[in-house]
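Novice: Let me give you the structure first, and then I'll get to my questions.
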Amino acid sequence: MKQLITLFLAFVTIGVFAQKNFQGKATYMSKTTLDMSSWGGRMNSMSEAQKKQIADRMKSMLEKTFILSFDKTASIYKEDEKLEAPGAGGGFRMGGLTDGGTKYKNTKELVALESKEFFGKNFLISDTMEMPQWELGSETKKIGNYICYKATLTKDVDATDWRNMRRRNRDDDKKKKDANKDTTETVKVTEDIEIPKKITVTAWYTPQIPVSNGPGEYWGLPGLILEINEGRTTILCTEIVLNPSEKLEIEKPTKGDKVTRKEYTDAITKKMEEFRNSRGRGRGGRGRF
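Letter by letter, the sequence shown follows residues 9 to 297 in my numbering.
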């Protein structure tokens with residue numbers, strides 16, 4: 009009976025997908041966890057109440073809602089903006105280092121664009137869209153009404169992605185013991201911060217919605233990706249609407265100076281270095297390109 013129900017749902021979904029003007033809308037919840045005990049420095053001298061206050065203020069940066077609007081080949085992925093209560097942590101948005109902006113993907117034309125603002129300047133970032141080297145697994149699980157399959161991928165880490173940053177030398181005592189030695193290759197960001205060069209990503213996709221798309225930069229699987237686990241970040245689909253009554257606008261972003269991903273990363277890295285230097289000289293952190 010279970011298999012018959014699954015088969016029926018698959019036929020219904022495929023029938024919906026086969027419609028000429030097929031569109032879909034998926035809502036994703038993104039959550040990043042931070043181990044504040046590893047920060048060291050002033051954090052170690054703070055009370056639990058002070059740490060909780062900081063964690064509450066950072067919640068708007070660590071927990072976000074995104075909307076993926078998609079058709080058979082293209083998609084738009086952007087944050088579901090909501091008004092924040094006064095004092096709810098807007099100061100922790102970290103400008104261009106957050107997950108803001110609009111990401112466009114076209115899996116047929118192999119076009120990936122991201123419209124993003126950083127320090128008052130708008131960028132239109134183009135990415136090389138090569139087929140991701142997913143390793144497909146046989147493990148399954150249900151997410152809502154959809155049967156999902158597991159896939160994994162090893163990828164290079166974006167040097168500006170704060171979600172994967174960590175304190176350097178935080179495990180010195182463990183590293184002295186061969187059994188606990190950390191062999192992960194890292195890149196030095198500052199004297200105190202490092203970031204791994206590569207990271208393993210786990211995806212859960214459903215063939216019941218046969219579009220090769222997913223949240224953020226992710227695509228290339230035989231079905232819509234409903235969950236991503238990447239380091240300390242989990243992105244989980246909480247709602248899917250197929251062929252919504254209101255037509256979705258899925259168009260390439262055009263706003264911003266056109267740059268490659270490398271050019272954007274280089275510009276941001278340079279600006280953040282200037283930011284750190286200016287703070288060190290006591291000139292504050294405000295600045296523009």
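Every residue gets a Cβ at the ideal spot worked out from N, C-alpha and C, and that includes glycine.
1) Just confirm the distance between the C-beta atoms of D79 and Q31, as a whole number of angstroms; I'd bet it's less than 8 Å.
2) Rounded to the nearest angstrom, what separates D64 and L70 at their Cα positions?
3) Should S38 and I243 be called a contact, given that it needs their Cβ atoms to be closer than 8 Å?
4) Compute the Euclidean distance between the alpha carbons of E147 and L229, then round it to the nearest angstrom.
5) Return the chain-ordered list of same chain residues with a C-beta closer than 6 Å to the C-beta of I84, the five sequence neighbours on each side being excluded.
6) Have a look at E282 and I276 and give me their C-alpha separation to the nearest angstrom.
7) Can you tell me which of the three DSSP states N251 falls into?
8) Please look up how many angstroms separate the CB atoms of K67 and E87, rounded, as I've assumed it's under 8 Å.
9) Per DSSP, what kind of secondary structure is L256 in: helix, strand or coil?
10) So who's on the other strand from N114, going by DSSP bridges?
11) Do the CB positions of K263 and S123 come within less than 8 Å of each other?
12) Shortest alpha-carbon distance to I75 belongs to which of G222, L121 and P261?
13) Out of V209, E89 and D265, point me to the one whose CA is closest to T160's CA.
14) Going by beta carbon distance, what residues of the same chain come within less than 6 Å of E247, once the five residues before and after it are set aside?
15) Rounded to a whole number of angstroms, what is the C-alpha to C-alpha distance between G239 and P261?
16) Kindly list the residues whose CB is nearer than 6 Å to the CB of A211, restricted to its own chain and excluding five residues on each side of it in sequence; keep chain order.
17) Label G231 either buried or exposed according to how many other C-beta atoms from any shown protein chain fall within 10 Å of its C-beta, with 16 as the threshold for buried.
18) Going by C-alpha to C-alpha distance, which of A57, T115 and M54 sits closest to P218?
19) Which of the three DSSP states is assigned to I217 in this structure?
20) Less than 8 Å between the CB atoms is what I'm expecting for A156 and T241, so what's the real figure, rounded?
Specialist: This is what the structure gives:
1) The residue labelled residue 79 in the question sits at position 71 within the sequence shown. The residue labelled residue 31 in the question sits at position 23 within the sequence shown. Confirmed, about 5 Å.
2) Against the sequence shown, residue 64 aligns to sequence position 56. Against the sequence shown, residue 70 aligns to sequence position 62. Rounded to the nearest whole angstrom, the CA to CA distance from D64 to L70 is 10 Å.
3) As a first step, residue 38 is located in the sequence shown; it is residue number 30 there, counting from the start. As a first step, residue 243 is located in the sequence shown; it is residue number 235 there, counting from the start. Contact check for S38 against I243 passes: the beta carbons are separated by less than 8 Å.
4) Residue numbering aside, residue 147 sits at position 139 when the sequence shown is read from its first letter. Residue numbering aside, residue 229 sits at position 221 when the sequence shown is read from its first letter. Each residue's alpha carbon lies about 15 Å from the other.
5) Taking the first residue of the sequence shown as position 1, residue 84 is located at position 76. Cβ contact annotation for I84 (same chain, cutoff 6 Å, sequence separation greater than five): S77, Y112 and I258, in chain order.
6) Counted from its first residue, the sequence shown places residue 282 at position 274. Counted from its first residue, the sequence shown places residue 276 at position 268. The C-alpha of E282 lies about 10 Å from the C-alpha of I276.
7) As a position in the sequence shown, residue 251 is number 243, starting the count at 1. The answer is coil: DSSP assigns N251 none of H, G, I, E or B.
8) Mapped onto the sequence shown, residue 67 falls at position 59. Mapped onto the sequence shown, residue 87 falls at position 79. Rounded to whole angstroms, the Cβ separation of K67 and E87 is 14 Å, and the two are not in contact under 8 Å.
9) Translated into positions along the sequence shown, residue 256 becomes position 248. The answer is coil: DSSP assigns L256 none of H, G, I, E or B.
10) For the purposes of this step, residue 114 is taken as the residue at position 106 of the sequence shown. For N114, which the question treats as bridged, DSSP gives the partners A82 and V119.
11) Here residue 263 refers to the residue found at position 255 of the sequence shown. Here residue 123 refers to the residue found at position 115 of the sequence shown. In this structure, S123 lies closer than 8 Å to K263 by Cβ.
12) Here residue 75 corresponds to residue number 67 of the sequence shown, with the count starting at 1. The shortest Cα separation from I75 among G222, L121 and P261 belongs to G222.
13) In the sequence shown, counting from the first residue as 1, residue 160 sits at position 152. Cα-wise, what sits closest to T160 is V209.
14) Translated into the one-based positions of the sequence shown, residue 247 becomes position 239. Taken in chain order, the residues that qualify are T35.
15) If you number the sequence shown from 1, residue 239 lands on position 231. If you number the sequence shown from 1, residue 261 lands on position 253. It is roughly 29 Å from the alpha-carbon of G239 to the alpha-carbon of P261.
16) Within the sequence shown, numbered from 1, the residue matching residue 211 stands at position 203. Result list for A211: A159, I233 and I236, in chain order.
17) Numbered from its first residue, the sequence shown carries residue 231 at position 223. Buried is the call here.
18) Along the sequence shown, one-based indexing puts residue 218 at 210. Nearest of A57, T115 and M54 to P218, Cα basis: T115.
19) As a working note, residue 217 is residue 209 in the sequence shown. When DSSP states are grouped into helix, strand and coil, I217 belongs to the coil group.
20) The residue you call residue 156 lines up with position 148 of the sequence shown. The residue you call residue 241 lines up with position 233 of the sequence shown. Sequence inspection shows Cys at residue 156; the Ala mentioned does not correspond to that position. That pair is no contact at about 18 Å.
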